[in-house]
Amino acid sequence: MIIRGSRLVGWRRLLPCLLACLSGTAMPVLARAALPDPVRIGVEGAYPPFSEVGPDGELKGFDIDIARALCAQMRVRCVLVQQNFDGMIPALNANKIDAVIASLSITEERRKSVDFTDKYYKTPGRLVARRDAALRPTPDGLAGRRIGVQRASTYDRYATDTFARSEIVRYAKLDDVFLDLAAGRIDAAFADSVASYVGFLRQPGGDAYAFVGPDFIEPRYFGNGAGIAVRKGDTALRDALNAAIAAIRANGTYAAIQSRYVDFDLYVDASPAAAASAGPLHGYARSLLQGAWVTLSLALLSLLLALVLALLGASAKLSRSAWLRAIAQAYTTAVRSVPDLVLMLLVFFGGQALVNALALRLGYARGPDIDPFVAGVLTIGFIYGAYLTETFRGAFLSVPAGQREAALAFGMSPWLSFRRIVGPQMLRHALPPLLNNWLVLLKSTAIVSVIGLTDLMQRAGLAAGATHQPFLFYAAVGGLYLGFTACSEAAFGWLSRRLDVGTRRAVYR
Amino acid sequence: MNAQALIDSLPLYASGLWTTLRLLLASLLIGGCLALPLAVLRCLPTPWLQAPVRAFTYVIRGTPMLVQLFLLYYGLAQFEFVRDSVLWPVLSSAWFCAIAAFAINSCAYTTEMLAGAIRALPFGEIEAAQAFGMSRAQLMRRIVLPAAMRHCLPAYGNEVVMILHGTSLASVVTLMDLTGAARETNARYYLPFEAFIAAAAIYFLLTFILVSAFRAAERRWLAPLRRDAVNIG
């Protein structure tokens, strides 16, 4: 992290100076030249009305509109990168995105890791609870109560310090905080007032809840409003964004967006009726199918990688070379010892830091980006390569030794004896565990949603948050996965019937 | 500063480890106890006993554990009658949802594993037992189950490790397990390498202990059955 934290920053500070020395051009041009192309902006997509994902899969909301207006003002190409809130600053520092426009409050603590622009809006934080809960909004009154917050948000920090005797429950998404408040798992939610108002209180079922207590505005925690985060030392982008914020405030664009946001607010009220008419999945069916396609291609590519690794691994494990056996053993032991989720988080966040450090050493400003899909394929392929190695090894061992010895005695080469004699028999033994491995692999793709891949799971989560019908959407995801399973089993069944020809089985009477 | 961040997070990791272990043990115990009878039912020739078990394992094995967990955790709360029921305080706890999801999952896999081993037993052993005049119950108790459980050992070792790794999903539903501790540390200090490698190392150690235990068990109970196979080289 020292490498990422200081060296990269040093290089980024150095770059404009270097360019200035080389070209001798004027500073304003330089500032433009130092802007990335395209500028990758991290946005959240689960924090209405500031950012959310509509039924058509389009990002919308105040943050999104502001981001687009700023890009237009700066005359740069931008791509919006959707990202979980708690992964936002790690992704920024891992160089996966260049700026964060996600209602990020400007605080001293965050200033240690990132640089901020001027604020682009400011609203107070408030507690939300059931109307009949009779909560006293003081640290004493809230003692022993469960308060839901978004993890790593300023509200998390404030609640942890101030409501020390309450139980703070942390969630990845604000939508989830409100789902649990409605479910009665938490006594109160602590969040931005506008986000709570539009995202929950004005939603169906929200009228049983209300704001309790005062506005929370302590600058020490809530800073001076929400700003745009950029990497430390990325002054070119920060200055360009500051100029753009000032410009859209002066030329009326900001006011227009703000009024659109009020319109949007009214539109949210009208949407449940409109959505109910859009089929059983509230118009999200198409979005789910697109997610299913992403999931399926991810699974198949991972399987391909895993099969290659497994054949290599199994032959290494069964070889005479002690070195090869040791390497294969280290691979299967290490990889099978760490949860998919942990490896994936490590590859996605840590891997990027590594790639960047490596690129720096080779003389490039930054390494190629690891996107969630690639990180997913590499991680899952690598993990299941290890599991399949064991499967293949076991299958090889269950072929009677005499078969191979006979083949060798006939003068077949080791490869020929594998291809003609051992391989086909081994496949029959490998098939049932292989099916298991494949099904586990297929299903582990669901966790790639945690690092921000817009797969089936992620799309269902967004739809559940927007419609407040989590059971419906997660059941739909379950149904789709079950469909994949059924197809896989049919294919394996056909294969296994072909391979079992001539095998005698006991009949239970 | 890096080391300091990890030292500061040490209590977090320690309580995370304890949470992970409790989740694992509870899920395995419940899952295993349910799997044994289900596996026997699954192999009986009676269709109306076999079919429900088959449907259960089919649905559970066919859907991701994350989906099952979300269905229990977020999905149940969608229904008013569930929220109003007397069981809601239990049903709504993250602990219940996580253990239920993991146990159901483990049960389905273990059932299929045992059933597969039962079906794959050499026909000679069963025919011999039948020729001795054993009843179906005797056959199961004396011949089939002991042999099937031995043959299951390597696969069950995998399954236990899978569930250990599956417990990392608990961090997604607010439980502060080992992975939750790592994510919290990463979010707090922005140190992906340190945070996740620390968690990975602890999982590695746990897995190493489990795998060693299963290897010892294989040597004890399975090696005699595989005397021929070991020499293949």
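So the protein sequences, as listed, match chains A and B. Residue 1 is where the first sequence starts when you use the working numbering, and the numbers rise one by one after that. Residue 1001 is where the second sequence starts when you use the working numbering, and the numbers rise one by one after that. From the three backbone atoms N, C-alpha and C, an ideal C-beta is built for every residue, glycine too.
Check, Outcome
"Cβ neighbour criterion (16 or more within 10 Å) applied to A274 of chain A", "Note that A274 of chain A scores 36 on pLDDT, short of 50, meaning its location in the model is unreliable and no value can be drawn from it."
"Environment of V262 of chain A [buried if 16+ CB atoms lie within 10 Å]", "Unreliable positioning characterises V262 of chain A in this predicted model, as indicated by a pLDDT of 42, which lies under 50. A coordinate reading is not provided."
"Nonlocal neighbours in the same chain, by C-beta distance under 6 Å from R1150 of chain B, ignoring five residues either side", "W1221, L1222"
"Contiguous beta strand (DSSP E) assignments of at least 3 residues, all confined to the region 1013 to 1049 of chain B", "none"
"Three-state secondary structure assigned by DSSP to F190 of chain A", "strand"
"9 Å Cβ cutoff met for F349 of chain A and A91 of chain A", "yes"
"Rounded Cβ spacing between L179 of chain A and V128 of chain A (contact assumed at less than 8 Å)", "Not a contact, Cβ separation roughly 13 Å."
"Buried versus exposed, by CB contacts within 10 Å (16 or more), L456 of chain A", "buried"
"Minimum Cβ-Cβ distance from P139 of chain A to chain B less than 9 Å", "no"
"Any chain A beta carbon closer than 9 Å to R1083 of chain B", "yes"
"Local conformation of S1009 of chain B per DSSP, three classes", "helix"
"Close-in-space but distant-in-sequence residues of the same chain around L1072 of chain B (CB under 7 Å, 5 per side omitted)", "C1097, A1100, A1101"
"Proximity below 9 Å, CB of G381 of chain A to CB of A306 of chain A", "yes"
"Chain-ordered neighbours of Q1050 of chain B on chain A, where CB pairs are closer than 9 Å", "Near Q1050 of chain B there are no residues of chain A at all, since even the closest Cβ is about 12 Å away, more than 9 Å."
"Residue of A:G57, A:S417, A:L480, A:I383 minimising C-alpha distance to V1161 of chain B", "A:I383"
"Contact with chain A by W1088 of chain B, beta-carbon distance below 9 Å", "yes"
"Alpha-carbon to alpha-carbon, I66 of chain A and C78 of chain A", "12 Å"
"C-beta neighbour in chain A for I1143 of chain B, strict 9 Å", "no"
"Cβ-based contacts, 8 Å cut-off: residues of the region 1055 to 1066 of chain B near chain A", "Y1058, V1059, R1061, G1062, T1063, P1064, M1065, L1066"
"Inter-residue spacing [alpha-carbon to alpha-carbon] between A183 of chain A and V1090 of chain B", "12 Å"
"Own chain, CB closer than 7 Å to V377 of chain A, minus 5 neighbours either side, in chain order", "L298, L301, S302, L305"
"Three-way DSSP call (helix, strand, coil) for D207 of chain A in this model", "helix"
"Residues near A69 of chain A by beta carbon distance below 7 Å, same chain, minus five either side", "I248, T253, I257"
"Minimum Cβ-Cβ distance from R1150 of chain B to chain A less than 9 Å", "no"
"Contact set between F1208 of chain B and chain A, taken where Cβ atoms lie within less than 8 Å", "T333, S337"
"DSSP beta-bridge partners of G213 of chain A", "None; G213 of chain A has no bridge partner."
"is_contact[L1169 of chain B, chain A] using C-beta, thresh 9 Å", "yes"
"Sequence-distant residues of its chain with Cβ nearer than 8 Å to A499 of chain A (five each side left out)", "Before going on, a small fix: residue 499 of chain A reads as Leu here, not Ala. P424, L427, R428, L431."
"Proximal chain B residues relative to S287 of chain A, where beta-carbon distance stays under 7 Å", "What S287 of chain A touches in chain B: nothing, since even the nearest Cβ is about 17 Å away."
"Contact with chain B by K122 of chain A, beta-carbon distance below 9 Å", "no"
"Sub-9 Å separation of V100 of chain A and A229 of chain A beta-carbons", "yes"
"For F373 of chain A, the first and last residue of its enclosing alpha helix (DSSP H)", "372 to 397"
"Which listed residue (B:L1049, B:S1092, B:S1106) has its alpha carbon closest to that of P1064 of chain B", "B:S1106"
"Cβ separation of V43 of chain A and Q82 of chain A, assumed to be a contact under 8 Å, to the nearest whole Å", "6 Å"
"Residue burial classification, Y1013 of chain B (beta-carbon count within 10 angstroms, cutoff 16)", "buried"
"Closer than 9 Å to chain A by CB, P1146 of chain B", "no"
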